[in-house]
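Residue numbers (our numbering): 195 to 294.
Each residue gets a CB set at the ideal place from its N, CA and C atoms; glycine is no exception.
Quick look at the structure:
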């Protein structure tokens, strides 16, 4: 994400993001993949993201760097309540971005 250096923004603002899905969640941090697997996404500090909930991942101010990168890590794990089923699978997850 990059800020416009020509904009006359003098106040700090926060960037918030949410990994959004309409699919079934096992809990707030695990997306049920429907084949015995669970998807979990982690922030760069190792904490799990919560699906469908916004959280802050950057701040911009007049003195901050002109861009920010927010790496995330995805993990698939077996759902302890189900048997893993081999074969193709897919789910949609959208990264929504907002600021305040």
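So residue i and residue j are in contact, right, with Cβ under 8 angstroms, and what is the actual spacing, rounded?
i           : j           : result
residue 276 : residue 234 : Going by Cβ atoms, the distance from residue 276 to residue 234 rounds to 15 angstroms, so no, they are not a contact pair.
residue 255 : residue 206 : 4 angstroms
residue 287 : residue 243 : The Cβ separation is near 10 angstroms, so there is no contact.
Leaving out the 5 sequence neighbours to the left and right, which residues in its chain are closer than 8 angstroms to residue i when beta-carbon positions are compared?
i           : result
residue 231 : 270, 271, 272, 273, 278 and 283
residue 219 : 225, 226, 245 and 246
residue 281 : 229
For residue i, I'd like the list of residues in its chain whose CB is within less than 7 angstroms of its CB, leaving aside the five on either flank, ordered along the chain.
i           : result
residue 289 : 211 and 213
residue 292 : 210 and 248
Looking at residue i: is its Cβ nearer than 9 angstroms to the Cβ of residue j?
i           : j           : result
residue 245 : residue 223 : yes
residue 221 : residue 285 : no
residue 259 : residue 208 : no
With a threshold of 6 angstroms on Cβ separation, who are the neighbours of residue i within its own chain once the five nearest residues in sequence on each side are excluded?
i           : result
residue 265 : 238
residue 250 : 208 and 210
In the DSSP output, what is residue i paired with across the bridge?
i           : result
residue 259 : Residue 259 is not bridged to any residue.
residue 291 : 211
residue 269 : 234
residue 254 : 207
residue 249 : 211
residue 226 : 232
residue 305 : A question about residue 305 goes unanswered here, because the residues of the chain that appear run from 195 up to 294.
Whole angstroms is fine: what's the gap from residue i's alpha carbon to residue j's?
i           : j           : result
residue 263 : residue 226 : 27 angstroms
residue 236 : residue 267 : 5 angstroms
residue 294 : residue 228 : 35 angstroms
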